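**Q** This is the structure, below, for whatever I ask next.
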Amino acid sequence: MKRHENPLPGRLTAWQYVQNVLYYLHVAVATLVIGLFGIVLVLAQGRVGANRVATFWIGYMIGAARLHLGLTCEIRGTPPTEDCIVAAKHQCFWDILVIAHAVPRRAFIMKREVMRVPIMGWYAWKVGCIPIDRSRGRDAMAAISATINQRIAGDGLGQLIIYPEGTRTLPGHRKPYKQGVATIRAATGLPVVPVAVNTGMFWPRKGWGIRPGRAVIEFLPAIGPDLPQEALMTRLEADIETRSDLLMAEAGLSLPRPDADQRSS
570 MKRHENPLPG RLTAWQYVQN VLYYLHVAVA TLVIGLFGIV LVLAQGRVGA NRVATFWIGY
630 MIGAARLHLG LTCEIRGTPP TEDCIVAAKH QCFWDILVIA HAVPRRAFIM KREVMRVPIM
690 GWYAWKVGCI PIDRSRGRDA MAAISATINQ RIAGDGLGQL IIYPEGTRTL PGHRKPYKQG
750 VATIRAATGL PVVPVAVNTG MFWPRKGWGI RPGRAVIEFL PAIGPDLPQE ALMTRLEADI
810 ETRSDLLMAE AGLSLPRPDA DQRSS
């Protein structure tokens with residue numbers, strides 16, 4: 570089995586740290602070059618062109634991770650191609666890349682400040698990312714839902730990637746799921762596709778000390794409109810967390826068994 574095919578995280582040697590540095594230098598230069606050359610395609614083809622540039626750029630970063638870091642990612646399940654909400658476990662930058670590369674028309678809800686960054690913010694806008702003004706509280710979610718419905722009625726939304734926990738979590742840790750997914754589904758009727766990951770076993774939360782191996786991201790069966798709204802978040806959390814725990818166990822993380830917890834309580 571080759572180094573990058575190992576389902577367990579590899580060792581962090583001095584050479585691996587050197588490769589971490591080389592990887593970030595490589596992708597920084599590539600991002601600048603691809604971003605500048607891609608402007609012409611975006612101006613000519615709009616969102617279609619922006620998605621082509623994004624697909625190439627993300628694929629390049631994934632390929633560079635294989636080259637420098639010995640890191641790959643196995644995709645399980647079927648990535649969605651229709652308009653939907655992709656609700657994913659989020660452990661690190663690696664799962665952002667792989668999930669975004671696996672779907673054809675990716676979009677994110679992003680802070681407005683991020684979308685004002687030169688070049689990259691412009692690309693985010695062009696691929697269909699939706700800005701959020703967190704200072705507006707509940708009104709912000711209403712504005713997002715209205716924008717989503719406008720996109721659906723227009724040229725389509727694509728696959729809106731959301732992290733229900735709201736932030737990155739360490740392997741084996743959980744945070745309370747926020748209600749954003751439920752709010753958007755109630756306003757739009759979109760199906761919800763849960764995604765489980767074990768990426769944090771290979772790529773640390775802060776992005777330094779990346780280990781070689783084969784991470785796994787799994788697209789789970791979609792949750793359709795037949796599930797009552799009040800049961801959505803309970804089902805979503807159970808699907809994502811249960812499967813993510815199994816994937817992390819495959820990668821060598823020892824997790825407490827539920828029956829053991831019950832016996833000790």
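Sequential numbering of the sequence shown, starting at 570, is according to this note's numbering. Backbone N, C-alpha and C fix where the C-beta goes; we use that ideal spot for every residue, glycine too. Just so it is clear, the structure is predicted and the values come from calculations on it, not from any experiment.
Per the DSSP calculation, Ala657 is bridged to which residue(s)?
**A** Looking at the DSSP assignment, Ala657 forms a beta bridge with Val764.
**Q** I'd like the list of long-range same chain contacts for Gln588, defined as Cβ closer than 6 angstroms, with 5 residues on each side in sequence excluded.
**A** Only His637 and Leu638 meet the Cβ criterion.
**Q** Answer with buried or exposed for Tyr732, where buried requires no fewer than 16 other C-beta atoms within 10 angstroms of its C-beta.
**A** With 16 or more Cβ atoms within 10 Å of its Cβ, Tyr732 is classed as buried.
**Q** Sorted by chain position, which residues of the same chain lie with C-beta nearer than 7 angstroms to Ala619's C-beta, five sequence neighbours on each side aside?
**A** Cβ neighbours of Ala619 beyond the five flanking positions: Val611, Tyr692, Lys695 and Val696.
**Q** What's the call for Ala657, buried or exposed, on a 16-neighbour Cβ count within 10 Å?
**A** Ala657 comes out buried.
**Q** Could you check the C-alpha separation between Asp828 and Asp814 for me, to the nearest Å?
**A** Summary for Asp828: the model assigns pLDDT 49, below 50, so the residue's position carries little reliability; its value from the coordinates is reported in the next sentence. Answer to the nearest angstrom: the Cα atoms are 15 angstroms apart.
**Q** Just to confirm, are Gly778 and Leu581 a CB contact at a threshold of 8 angstroms?
**A** Going by C-beta atoms, Gly778 is nearer than 8 angstroms to Leu581.
**Q** Figure out for me which residue from Arg812, Val609 and Ala634 has the closest Cα to the Cα of Tyr586.
**A** The shortest Cα separation from Tyr586 among Arg812, Val609 and Ala634 belongs to Ala634.
**Q** Leu801 and Arg743: beta carbons closer than 8 angstroms?
**A** No, these two residues do not count as a Cβ contact at 8 angstroms.
**Q** Is the shortest distance between the beta-carbon of Ile721 and the beta-carbons of chain C less than 8 angstroms?
**A** Reference to chain C is not applicable here, since this structure consists of a single protein chain.
**Q** Tell me the start and end of each unbroken alpha helix (DSSP H) in the stretch 742–804 that is at least 4 residues and wholly inside, in chain order.
**A** As far as the stretch 742–804 is concerned, its whole alpha helix (DSSP H) runs of at least 4 residues are 749–757.
**Q** Give me, in chain order, the residues of the same chain whose beta-carbon lies closer than 7 angstroms to that of Asp808; leave out the 5 immediate sequence neighbours on both sides.
**A** Correct list, in chain order: Pro763 and Leu789.
**Q** Just to confirm the assignment, what range does the alpha helix (DSSP H) spanning Arg675 have?
**A** Where Arg675 is concerned, there is no enclosing alpha helix (DSSP H), although the beta strand (DSSP E) it sits in stretches over Arg675 to Lys680.
**Q** Mind the definition here: the stretch 720–734 touches the stretch 675–683 only if three or more C-beta pairs lie below 8 angstroms; say whether that holds.
**A** Counting Cβ pairs under 8 angstroms, three or more are found: they touch.
**Q** Please report the distance separating the alpha-carbon of Met817 from that of Glu787.
**A** For Met817 and Glu787, the distance between alpha carbons rounds to 12 angstroms.
**Q** In this structure, does DSSP put Ile688 in helix, strand or coil?
**A** It is coil, neither helix nor strand.
**Q** Give me the DSSP bridge partner(s) of Leu640.
**A** For Leu640, which the question treats as bridged, DSSP gives the partners Gly782.
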